[in-house]
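Numbering (UniProt numbering), first residue to last: 1 to 122. For each residue, glycine too, the CB sits at the ideal point set by N, CA and C. Beneath this line is the structure, given in structure tokens, with notes to follow.
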């Protein structure tokens with residue numbers, strides 16, 4: 001019986017390690033430029049989809065977040081590099097204007113810093 005518990009415990013530890021530290025497939029979206037504006041829709045449901053957004057430098061950009069998740073963790077989106085900390089009301093589209101004047105990779109997160117996304121400007 002002790003062996004079964006030990007094996008189950010090790011399997012659980014392995015699964016937890018894979019879940020938090022393993023490589024997982026990440027959804028990515030490249031913004032389309034229309035009339036000198038780029039817009040990307042981001043679904044907020046158990047995280048962000050797409051998780052990586054690629055924007056063209058120098059073209060005004062808007063990210064439209066729609067939160068369908070009822071978790072209070074995801075009720076804000078924070079872009080610390082841009083000084084943005086915006087509420088995301090449930091079942092409403094909330095637009096966030098992004099300054100694309102500088103290229104680089106920038107992180108965003110939920111208000112509790114548990115869920116993350118990445119903005120790539122090039």
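So, helix, strand or coil for residue i, using DSSP?
i	result
residue 2	helix
residue 14	helix
residue 115	coil
residue 55	strand
residue 74	helix
residue 103	coil
What's the C-alpha gap between residue i and residue j?
i	j	result
residue 37	residue 54	14 angstroms
residue 119	residue 13	32 angstroms
residue 84	residue 78	6 angstroms
residue 45	residue 70	8 angstroms
residue 100	residue 10	47 angstroms
residue 67	residue 40	14 angstroms
residue 106	residue 16	27 angstroms
residue 32	residue 72	31 angstroms
Please return the same chain residues whose Cβ sits closer than 7 angstroms to the Cβ of residue i, not counting the five positions on each side in sequence.
i	result
residue 103	57, 121, 122
Take residue i and list the residues in its own chain whose beta-carbon comes closer than 8 angstroms to its own, dropping the five residues that flank it on each side.
i	result
residue 87	75, 76, 94
Determine the extent of the beta strand (DSSP E) in which residue i is found, giving its start and end residues.
i	result
residue 28	28-30
Considering only residues of the same chain and omitting the five flanking positions on each side of residue i, which have a CB-CB separation below 6 angstroms?
i	result
residue 42	48, 63, 65
(message) Tell me whether the region 28-39 and the region 1-10 touch, counting them as touching only if at least three CB pairs, one residue from each stretch, are closer than 8 angstroms.
(response) The region 28-39, when compared against the region 1-10, does not touch it at the 8 angstroms Cβ threshold.
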